[in-house]
DNA sequence: CTTTTATTGTTTCCTCGTCAACAATAAAAC
DNA sequence: GTTTTATTGTTGACGAGGAAACAATAAAAG
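Residue numbers (the working numbering), protein chains in the order written: chain A, 42 to 189; chain B, 42 to 189.
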């Protein structure tokens, strides 16, 4: 098989395996929350003035899905919405105090995953890190170019 | 942010972006087929004596989902099932002639995606390829270790 | 052999996300 | 300014996939 195709195929498999392995741990640790809800909280914490459209783009989901998810998170008192006086159309989201707590727990869990996998990174040189970072960066930059 | 966490986060994003970009192209080129159906055909082509359980493990889906998907693919005459005389429980799948055609078209599409993205790989040295391959291999090996 | 345990594939119920249409608002064109 | 076009968020119908219970068969234990 083509070397490039092999690389991308294994990369996809790796990501699937990690997701598949972490998902039940995340959902049982953050009981009562779906993985997607948790990840949406993460995005809202990260993106300033997050609205449905931005969250959809960042989550690789449709606006309809985000619209429903945010409603659920508001009902659970994890997030709240607000608007700017100058724009009656766009609706933004931010975390509530409880939402921030969940966010911190989630980050802690991710640290524990890294700890679980620390031996994978142990023997990596700075150069090797850079090589992979450059590859990812180049690919993402390329995708950005061809989609706009 | 931690360098390792950053790396994994960007890696996940990259995979999501690629999937998100390729999906509509695949589904419109292979009209009448879901992405998951196409990928299942791929797995059946790859795995010798593929059955529901093996396909579920390879696809990161439940056996229930695979059971339904294979039924659909049989209805569409893409695959057929068979059994071994020595085992009345396990049911295996293989591609029909039409299924093989779809499989080839799918492979061709993947080649076209690589061509679209060729500039990402153009300036990569063999060493850089190896570095990334080693990283993926090490990670997957680690995951295999801790899950059994 | 007989009994117990594990594995196979299937089905039903239910949740989640997409799709497509929609009204409301903003931006652009004129 | 007015009109047209684009973008925002929402909704309902629909389909896809997961969870769990199930019968059938195989494997293991005794």
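Backbone N, C-alpha and C fix where the C-beta goes; we use that ideal spot for every residue, glycine too.
C-alpha distance - residue i paired with residue j, whole-angstrom precision
{"i": "residue 189 of chain A", "j": "residue 137 of chain A", "result": "35 Å"}
{"i": "residue 82 of chain A", "j": "residue 119 of chain A", "result": "8 Å"}
{"i": "residue 89 of chain B", "j": "residue 124 of chain B", "result": "13 Å"}
{"i": "residue 47 of chain A", "j": "residue 85 of chain B", "result": "18 Å"}
{"i": "residue 166 of chain B", "j": "residue 180 of chain A", "result": "15 Å"}
{"i": "residue 186 of chain A", "j": "residue 157 of chain B", "result": "12 Å"}
{"i": "residue 135 of chain A", "j": "residue 99 of chain A", "result": "15 Å"}
{"i": "residue 49 of chain A", "j": "residue 87 of chain B", "result": "17 Å"}
{"i": "residue 27 of chain A", "j": "residue 163 of chain A", "result": "Because chain A in this structure spans residues 42 to 189, residue 27 of chain A falls outside the shown range and cannot be described."}
{"i": "residue 225 of chain B", "j": "residue 45 of chain A", "result": "Nothing in the structure corresponds to residue 225 of chain B, since chain B is present only between 42 and 189."}
{"i": "residue 63 of chain B", "j": "residue 126 of chain A", "result": "39 Å"}
{"i": "residue 117 of chain B", "j": "residue 133 of chain B", "result": "17 Å"}
{"i": "residue 108 of chain B", "j": "residue 108 of chain A", "result": "32 Å"}
{"i": "residue 106 of chain A", "j": "residue 106 of chain B", "result": "22 Å"}
{"i": "residue 182 of chain A", "j": "residue 159 of chain B", "result": "13 Å"}
{"i": "residue 139 of chain B", "j": "residue 139 of chain A", "result": "54 Å"}
Test item: CB-CB of residue i and residue j under 9 Å
{"i": "residue 20 of chain A", "j": "residue 75 of chain A", "result": "Within the shown structure, residues of chain A are numbered from 42 to 189, placing residue 20 of chain A beyond reach of any answer."}
{"i": "residue 113 of chain B", "j": "residue 66 of chain B", "result": "no"}
{"i": "residue 149 of chain B", "j": "residue 172 of chain A", "result": "no"}
{"i": "residue 57 of chain B", "j": "residue 101 of chain A", "result": "yes"}
{"i": "residue 161 of chain A", "j": "residue 176 of chain B", "result": "yes"}
{"i": "residue 43 of chain B", "j": "residue 152 of chain A", "result": "yes"}
{"i": "residue 51 of chain B", "j": "residue 73 of chain A", "result": "no"}
Rounded Cβ spacing between residue i and residue j (contact assumed at less than 8 Å)
{"i": "residue 92 of chain B", "j": "residue 131 of chain B", "result": "5 Å"}
{"i": "residue 111 of chain A", "j": "residue 104 of chain A", "result": "Actually they do not touch by this definition, with Cβ atoms about 10 Å apart."}
{"i": "residue 115 of chain B", "j": "residue 71 of chain B", "result": "With 8 Å as the limit, residue 115 of chain B and residue 71 of chain B do not qualify as a contact, their Cβ atoms being about 17 Å apart."}
Strand pairing of residue i, partner residues [DSSP]
{"i": "residue 136 of chain A", "result": "A:120"}
{"i": "residue 125 of chain A", "result": "A:128"}
{"i": "residue 91 of chain B", "result": "B:134"}
Candidates the options, of which the one nearest residue i by Cα
{"i": "residue 154 of chain B", "options": "A:80, A:117 and A:184", "result": "A:184"}
{"i": "residue 141 of chain B", "options": "B:109, B:49, B:80 and B:182", "result": "B:80"}
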